[in-house]
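Q: Please read through the structure below; I'll follow up with questions.
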Amino acid sequence: EQRRGVTPTRAVAELVRSARDRRGWTGQQVAEKCAEAGMPALDRSAVTNIETGRRRRIGVDEWLVLAAVLDVAPLHLLFPRADDDVVAVTPTGSVSAGQARRWATGREPLPDGDERTFRYEVPDSEYERRSQRLRESEQRADQAWRRLRVAQEKLRLVSIEHATLDEGPALLALPGTPERSRGARLDRRLDTAYDEVADAKVASDEAQAELRWVRDEEGVSDGER
14 EQRRGVTPTR
24 AVAELVRSAR
34 DRRGWTGQQV
44 AEKCAEAGMP
54 ALDRSAVTNI
64 ETGRRRRIGV
74 DEWLVLAAVL
84 DVAPLHLLFP
94 RADDDVVAVT
104 PTGSVSAGQA
114 RRWATGREPL
124 PDGDERTFRY
134 EVPDSEYERR
144 SQRLRESEQR
154 ADQAWRRLRV
164 AQEKLRLVSI
174 EHATLDEGPA
184 LLALPGTPER
194 SRGARLDRRL
204 DTAYDEVADA
214 KVASDEAQAE
224 LRWVRDEEGV
234 SDGER
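Per our numbering, the sequence shown starts with residue 14, numbered consecutively.
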């Protein structure tokens, strides 16, 4: 059975109170700022009633004014902060706060929503911005992967050349011989090649992690565009 989540109105009440507390403001200070923002109806009594839950309804205009005066993104004054908290988006439907945020930001529909209809309603400018962000992340991941492959190939070639030193251990032991100098150079090149592979591997892993994060943020599965 699906657990009933906190209602958006209740979530707003709790989030307003916690945001006000973090700023060290009183209810009166919030009310004064709301009045300055053109919403005198949100007086101290109204703010208190919202925070305590005595106000069962909060208007969209009021919600946006509260977000503005508290300097909080409206979305973060609507759904619980923890992703796994449950929020009731309708009287009969609840989802996690993380799902609710992704739905509210146009990244993915609700579990019972229609994917095609949902994507169609995304504004063109927003779709292009997200697509550009994804393309740039994919390019960085591809460049990092290519750099890693080049470093690995360089290491392979240097390792093959270094292995030929085993054919003349007696000559390598003699100071001043060309073989001794060549061996020292190859040792340095091999060390450098190992370092380059290690650095490229870190960069590639970071780029792949960023790409996975961007895909998750934009609601795109691996291999999907």
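Glycine included, every Cβ here is placed at the ideal spot set by N, Cα and C. Just so it is clear, the structure is predicted and the values come from calculations on it, not from any experiment.
Run through the stretch 71–139 for me and flag every whole beta strand (DSSP E) of 3 or more residues, listed as ranges in chain order.
A: Segments of the beta strand (DSSP E) lying fully in the stretch 71–139: 99–103, 106–109.
Q: With DSSP as the reference, identify every bridge partner of valine 19, one or two as the case may be.
A: Valine 19 pairs with Val100.
Q: Using 10 angstroms around the beta-carbon of leucine 187, count the other beta-carbons present and answer buried if the total reaches 16, otherwise exposed.
A: A caution first: leucine 187 carries a pLDDT of 48, below 50, which makes its placement in the model unreliable, though a value can still be read off. Counting Cβ neighbours within 10 Å, leucine 187 comes out exposed, since fewer than 16 surround it.
Q: By Cβ distance below 7 angstroms, which residues in the same chain neighbour arginine 17 in space, the five residues on each side in sequence not counted?
A: Cβ within range, chain order: Ala101, Ser107.
Q: Relative to the C-alpha of alanine 59, which candidate in Arg30, Asp155, Arg36, Ala81 has its C-alpha closest?
A: Among Arg30, Asp155, Arg36, Ala81, the Cα nearest to that of alanine 59 belongs to Arg30.
Q: Do you know how far the Cα of alanine 24 is from the Cα of tryptophan 76?
A: Cα to Cα, the separation comes out at about 11 angstroms.
Q: Specify the secondary structure class of tryptophan 38 as computed by DSSP and reduced to three states.
A: The answer is coil: DSSP assigns tryptophan 38 none of H, G, I, E or B.
Q: Can you round the beta-carbon distance between glutamate 64 and alanine 26 to whole angstroms, since I take them to be within the 8 angstroms contact cut?
A: Yes, glutamate 64 and alanine 26 are in contact; Cβ-Cβ is about 5 angstroms, under 8 angstroms.
Q: Rounded to the nearest angstrom, what separates arginine 132 and alanine 176 at their Cα positions?
A: Roughly 57 angstroms between the two C-alpha positions.
Q: Going by beta carbon distance, what residues of the same chain come within less than 7 angstroms of proline 93, once the five residues before and after it are set aside?
A: Taken in chain order, the residues that qualify are Val19, Ala24, Val100, Ala110.
Q: Between which two residues does the alpha helix (DSSP H) harbouring arginine 57 extend?
A: Its alpha helix (DSSP H) spans residues 57–65.
Q: To the nearest angstrom, how far is it from the Cα of glycine 51 to the Cα of alanine 95?
A: For glycine 51 and alanine 95, the distance between alpha carbons rounds to 32 angstroms.
Q: One question on the structure: do alanine 32 and leucine 123 come within less than 8 angstroms of each other, judged by their Cβ atoms?
A: Contact: no.
Q: Take alanine 183 and list the residues in its own chain whose beta-carbon comes closer than 6 angstroms to its own, dropping the five residues that flank it on each side.
A: With a pLDDT of only 49 at alanine 183, under 50, the local geometry of the prediction cannot be trusted, and the value read off the model is given with reservation. Result list for alanine 183: empty, nothing under 6 angstroms.
Q: For glutamate 209, tell me which candidate among Gln42, Leu199, Lys167 has the shortest Cα-Cα distance.
A: Nearest option by C-alpha distance: Lys167.
Q: Quick one: measure Cβ to Cβ for alanine 213 and alanine 154, integer angstroms, because I've assumed they're closer than 8 angstroms.
A: That pair is no contact at about 13 angstroms.
Q: Measure from the alpha carbon of leucine 83 to the alpha carbon of each residue in Asp34, Arg169, Leu178, then state which is nearest.
A: Residue Asp34 is the option with its Cα nearest to leucine 83.
Q: Taking only three categories from DSSP, how would you classify arginine 69?
A: Three-state result, arginine 69: coil.
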